[in-house]
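Undergrad: Those letters in the sequence shown? Residues 1290 to 1539, by my numbering. Heads up, the beta-carbon is just placed ideally off N, CA and C, and yes, glycines get one too. These numbers come from a predicted model, not from an experiment.
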Amino acid sequence: VLSRLTLPSERAELLAAAGLDALVEHPFTAEFAQTSSLDFVRRDLVGHLGMRHLIVGYDHRFGRNREGNFAQLQEYSHVFDFGLEQVEAVSAGAQVLSSTKIRAAVAEGRVGEAAVALGRSHFVRGEVVSGRGIGRGLGYRTANVGGIHPDKAMPSFGVYAVELDFCDAEGPRGLAGVANYGVRPSFGSGADPVLEVHLLDVEAQGYGRPVEVRFIDFIRAEQTFETPEALKAQIARDVERARATLASRC
């Protein structure tokens, strides 16, 4: 399954925040996939939705076997009397932006680069769950984030500067933190990946509370440490680097 930068509910939320009045989502069934480009425009867009104006991307394809293109839409716009616009490609430097390239940036830990392309930091949502108490034993209590949707795009294993929101009514939001995402190789192998967030200025509390974690910048790849003391010393360096990174954004 292709990982998602935004889940359907998140995409709807972001579009609403951008000023969209309504969103229609159609289940992509095997039957619907066989809809011709003509039927999609005539039956679904014009017939069912009463479309009067259509805006598409520069590389938009639609209909059965991706048969529809902008040239067809230009013909259909005259036949069915609707306005039509094509949005040009958006570039960052010499690179044309696309969801495929942004997913690759996230997967490789290049979350700062992904943020530039997205116009926001990549985020995941879940809830605070109990852990093994490893961070607390090292003097760096963490909030373990569980319940992350399995389709959500996750970064490569490593340490990141992050911001965390408690998403319930009590808040708070925008808390500075340093996160480790990985399998904690210093404490045994074969574990499922875990996202742990150490908050820099407050105690992480409240099992079961919903949270959003935004990945701000990559600090380092996940490592194996020979002793708890070596890991503790590295965490101290990670904390200082995360603090400096997050302070520079203010």
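1) Quick check on DSSP: helix, strand or coil for Phe1446?
2) Quick check on this structure: which residue in Asn1433, Ser1326 and Ala1403 has the alpha carbon closest to the alpha carbon of Leu1386?
3) Hey, would you say Glu1501 sits closer than 7 Å to Arg1414, going by beta carbons?
4) To the nearest whole angstrom, what separates the beta carbons of Arg1331 and Phe1369, a pair I think is in contact under 8 Å?
5) Under DSSP, the alpha helix (DSSP H) around Tyr1470 begins and ends at which residues?
6) Could you tell me the distance, in whole angstroms, from the CA atom of Ser1388 to the CA atom of Tyr1449?
7) Measuring alpha carbon to alpha carbon, tell me which residue in Ala1322, Val1376, Ala1406 and Leu1309 is nearest Ala1383.
8) Under the DSSP definition of a beta bridge, which residues are partnered with Pro1509?
9) Note down the Cα distance separating Phe1412 from Phe1504, rounded to an integer number of angstroms.
10) Give me the DSSP bridge partner(s) of Leu1488.
11) Quick one: Cα of Ala1533 to Cα of Glu1397, how far?
TA: The answer reads as follows:
1) coil
2) Ala1403
3) yes
4) 7 Å
5) Per DSSP, Tyr1470 belongs to no alpha helix (DSSP H); it is in the beta strand (DSSP E), Leu1464 to Gly1471.
6) 22 Å
7) Ala1406
8) The sequence shown places Arg at residue 1509, rather than the Pro named in the question. Its beta-bridge partners are Val1448.
9) Here the C-alpha atom of Phe1412 lies approximately 6 Å from the C-alpha atom of Phe1504.
10) Gly1466
11) 22 Å
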